[in-house]
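Structure record follows, encoded as structure tokens.
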Amino acid sequence: MTLVILSGLLVGILFGFALQRGRFCMNSAIRDSILLKDTTLLKSVGVAVLVSMAGFAIMAMANFIKMNPTPFFWGANLVGSFIFGIGMVLAGGCASGITYRVGEGMTGALSALIGLSAAATLTAMGFLKPIKDALQTSTKIMVGEANPTLANIFGLPPYATALAIAVIVAIIWFILARNNPDEGEVKSNASLSNRIFKKGWGWFATGIVIGLINMLAFYFSSLAGRSYPLAITSGWIGIVKVGMSVPEAKLGWDAWLVIGIIIGALIAALIAGEFKIRWPGWGMIGQTFVGGLLMGFGAVTSGGCNVTHILSGLPQLGIGSLVGAIAIVLGAWLTAYLIFVRPQSA
Amino acid sequence: MEETLTPTKTLDVCGKICPYPDMDTITTLKKMAKGEVLEVLLDYPLSVERIPRNLKKQGHKLLSVEQIDGPNHRMLIEAHGLK
């Protein structure tokens, strides 16, 4: 019990701190790639995924963790994650993005988070549960007794395959990056403490730190008997259940993680002088709430939000997470096109 | 001499959520004539970093970014004037 609280909360605080300093948000990462032709945050996500992929493989080889890829139910993954992608563009942040921004004082993020928690709980155990169950059970595919991964569908060794993919992608990326140097990065001559606590972090450092935190998360959550890296939505469902006094509901490792994220982001924002209660107007509060509702339904239906599927699922090579990740990107791109790009060109 | 520069127009995007500070700035700049100066007041940390790195692509020129207090910033941008 104590270990659950301490390690979940501690990893959450670290994650929240890094999210706030790195402005790490997968909604921005995915959306900006077509909206602003800005791939800075997307590169950060890529680094975090590669570090996690190599890290998990090494940790699994050393028996520190046991890989736990997400289930593959293609209908639920496609529909749920596509709806999640639509929702996060309306909400102005992914599941981790809206969680950490609450710690910055953003009321729009808080309203999205309330929507996400409500819809996620209703989908996990309320009136939306039959829709989720029907989509999941009718389209579920397994490889023997296991959830399908890029390794087991081809009969390849899981850890070596993950490590090989991570190393090969990193090498190709390094070669491409050397040939096309980044012009946007400005070298800072600020002191180290200023660069950590006052200025926003660069994309590469952010990606590395978040990948390392994801490894810590997998290790400590395994000790707590949960055995999965970072995730967001399940933690919020746990908190709602305790709030509603559902019998035998307790705050688990993932619930302490999301509480820690808000605390960590609050600490980071206060140190950097970036905390401020921000009010975006009632219209935006309504839009982010609806976005949150879609995210909550989508995440539970698909078996995970952006963090579960992209940050934690892709590194474990889960096919469900791969399909989920693609559907999140498509949902986000379509929505960004409809509400931002098309009105501009009209 | 930025102190004495008088902006042609002021845009206040404080409180707005991602990516409205960026989008409102881009839309406003598009409607401005070449050489006109837009003053943007913003408090969203990601946009304070993201607007400067993307302005060049749209041809506009960042004149200054000034921290007023805490997350509140004032940005001066010279419009490219495509219209």
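As they're listed, the protein sequences go chains A and B.
Heads up, the first sequence is in the working numbering, so the first residue is 7 and it goes up one at a time.
Heads up, the second sequence is in the working numbering, so the first residue is 1414 and it goes up one at a time.
Think of the CB as a built atom: it goes at the ideal place given N, C-alpha and C, for glycine as much as any other residue.
Predicted, not measured: the structure shown is a model, and the values here were computed from it.
When you check each C-beta in the segment 39–60 of chain A against every C-beta of chain B, which residues fall closer than 9 Å? Leu41, Leu42, Lys43, Asp44, Thr46, Leu47
Would you mind giving the Cβ-Cβ distance between A/Ser58 and A/Ser318, rounded to the nearest angstrom? I have them listed as a contact below 8 Å. For the purposes of this step, residue 58 of chain A is taken as the residue at position 52 of the first sequence. For the purposes of this step, residue 318 of chain A is taken as the residue at position 312 of the first sequence. Their Cβ separation, rounded to whole angstroms, is 7 Å, which keeps A/Ser58 and A/Ser318 in contact under 8 Å.
What residues of chain A sit near B/Ile1462, judged by a beta carbon separation below 8 Å? Counted from its first residue, the second sequence places residue 1462 of chain B at position 49. Residue 1462 of chain B is actually Glu in this sequence, not Ile. Correct list: Arg29, Gly206.
Name the residue from A/Met112, A/Val10, A/Met94 whose alpha carbon lies nearest to the alpha carbon of A/Val335. Numbered from 1 along the first sequence, position 329 holds the residue referred to as residue 335 of chain A. The closest CA to that of A/Val335, considering only A/Met112, A/Val10, A/Met94, is found on A/Met94.
Mind pulling the chain A residues with CB within less than 8 Å of B/Thr1441? As a working mapping, residue 1441 of chain B is identified with position 28 in the second sequence. In chain order: nothing, as chain A lies at least about 12 Å away.
If you pair each beta-carbon of the segment 70–84 of chain A with each one of the segment 142–149 of chain A, do three or more pairs fall below 8 Å? yes
What residues of chain A sit near B/Leu1459, judged by a beta carbon separation below 7 Å? Counted from its first residue, the second sequence places residue 1459 of chain B at position 46. The answer, in chain order, is Arg29, Ser34.
Along the alpha helix (DSSP H) that carries A/Arg37, what are the first and last residues, could you check? Reading the first sequence from its first residue, position 31 is the one you call residue 37 of chain A. From DSSP, the alpha helix (DSSP H) with A/Arg37 extends over 32–41.
Among A/Leu263, A/Phe203, A/Gly150, which has the Cα closest to the Cα of A/Val313? Taking the first residue of the first sequence as 1, we reach residue 313 of chain A at position 307. The shortest Cα separation from A/Val313 among A/Leu263, A/Phe203, A/Gly150 belongs to A/Leu263.
Suppose you measure from the CA of A/Ala54 to the CA of B/Ala1446; what does that come to, to the nearest Å? In the first sequence, residue 54 of chain A corresponds to position 48, counting from 1. In the second sequence, residue 1446 of chain B corresponds to position 33, counting from 1. So the alpha carbons of these two residues sit roughly 42 Å apart.
Are any of the Cβ atoms in chain A nearer than 8 Å to that of B/Lys1474? Translated into the one-based positions of the second sequence, residue 1474 of chain B becomes position 61. It does not; no Cβ of chain A falls within 8 Å.
Cross-strand partners of A/Val149 (DSSP beta bridge): Here the question's residue 149 of chain A lines up with position 143 in the first sequence. According to DSSP, A/Val149 bridges with A/Ala152.
State the CB to CB distance for the pair A/Lys282 and B/Gly1483, rounded to an integer number of angstroms; the pair is presumed to be in contact (CB under 8 Å). Counting from one through the first sequence, the residue named residue 282 of chain A turns up at place 276. Counting from one through the second sequence, the residue named residue 1483 of chain B turns up at place 70. Yes, A/Lys282 and B/Gly1483 are in contact; Cβ-Cβ is about 6 Å, under 8 Å.
Tell me which residues share the same chain as A/Lys247 and place their Cβ nearer than 6 Å to its Cβ, disregarding the 5 neighbours each side in the sequence. Locating residue 247 of chain A in the first sequence gives position 241, where the first residue counts as 1. Hits under 6 Å: Ala255.
I'd like to confirm the pairing. Which residues does DSSP put opposite B/Arg1463 in its beta bridges? Taking the first residue of the second sequence as 1, we reach residue 1463 of chain B at position 50. DSSP, once it has assigned bridges, lists no residue as partnering B/Arg1463.
Tell me whether A/His315 sits in a helix, a strand or coil according to DSSP, three-state version. On the first sequence, position 309 is the one that residue 315 of chain A refers to. Residue state, collapsed to three classes: helix.
If you measure beta-carbon to beta-carbon, which residues of the segment 333–344 of chain A are closer than 7 Å to chain B? none
Taking only runs that begin and end inside the segment 16–92 of chain A, name each unbroken alpha helix (DSSP H) of 4 or more residues, in chain order. 32–41, 46–67
Tell me the DSSP bridge mates of A/Asp139? Taking the first sequence and counting its residues from 1, one reaches residue 139 of chain A at position 133. Note: A/Asp139 sits in no beta bridge, so no partner.
Which value, in whole angstroms, describes the spacing of the CA atoms of A/Asn158 and A/Ile64? As a position in the first sequence, residue 158 of chain A is number 152, starting the count at 1. As a position in the first sequence, residue 64 of chain A is number 58, starting the count at 1. Taking the straight line from one Cα to the other gives about 18 Å.
Relative to the alpha-carbon of A/Gly337, which residue among A/Trp209, A/Asn220, A/Glu110, A/Gly86 has its alpha-carbon at the smallest distance? For the purposes of this step, residue 337 of chain A is identified with residue 331 of the first sequence, where counting begins at 1. Nearest of A/Trp209, A/Asn220, A/Glu110, A/Gly86 to A/Gly337, Cα basis: A/Gly86.
Does A/Asn195 come out as helix, strand or coil in the three-state DSSP assignment? Reading the first sequence from its first residue, position 189 is the one you call residue 195 of chain A. Coil.
Taking 6 Å as the limit between beta carbons, can you name the residues of its chain near A/Ser13, skipping five residues before and five after? Reading the first sequence from its first residue, position 7 is the one you call residue 13 of chain A. The answer, listed in chain order, is Phe226.
Below 8 Å CB to CB, which residues in the same chain sit around B/Leu1424 once its five sequence neighbours on both sides are set aside? For this step, residue 1424 of chain B is matched to residue 11 along the second sequence. Excluding sequence neighbours, B/Leu1424 sits near Asp1437, Thr1438, Thr1441, Leu1451, Glu1452, Val1453, Leu1454.
Would you mind reading off the limits of the alpha helix (DSSP H) that contains A/Thr113? For the purposes of this step, residue 113 of chain A is taken as the residue at position 107 of the first sequence. Counting along the chain, the alpha helix (DSSP H) containing A/Thr113 begins and ends at 113–131.
Between the C-alpha atoms of B/Tyr1433 and A/Asn153, what's the straight-line distance to the nearest angstrom? Your numbering for residue 1433 of chain B matches position 20 in the second sequence. Your numbering for residue 153 of chain A matches position 147 in the first sequence. Each residue's Cα considered, the two are about 40 Å apart.
Taking only the alpha-carbon atoms, compute the straight-line gap between A/Leu257 and A/Ile245 and give it to the nearest angstrom. On the first sequence, position 251 is the one that residue 257 of chain A refers to. On the first sequence, position 239 is the one that residue 245 of chain A refers to. The alpha-carbon atoms of A/Leu257 and A/Ile245 are separated by roughly 6 Å.
Would you call the segment 291–301 of chain A in contact with the segment 208–225 of chain A, where contact means no fewer than 3 C-beta pairs closer than 8 Å? no
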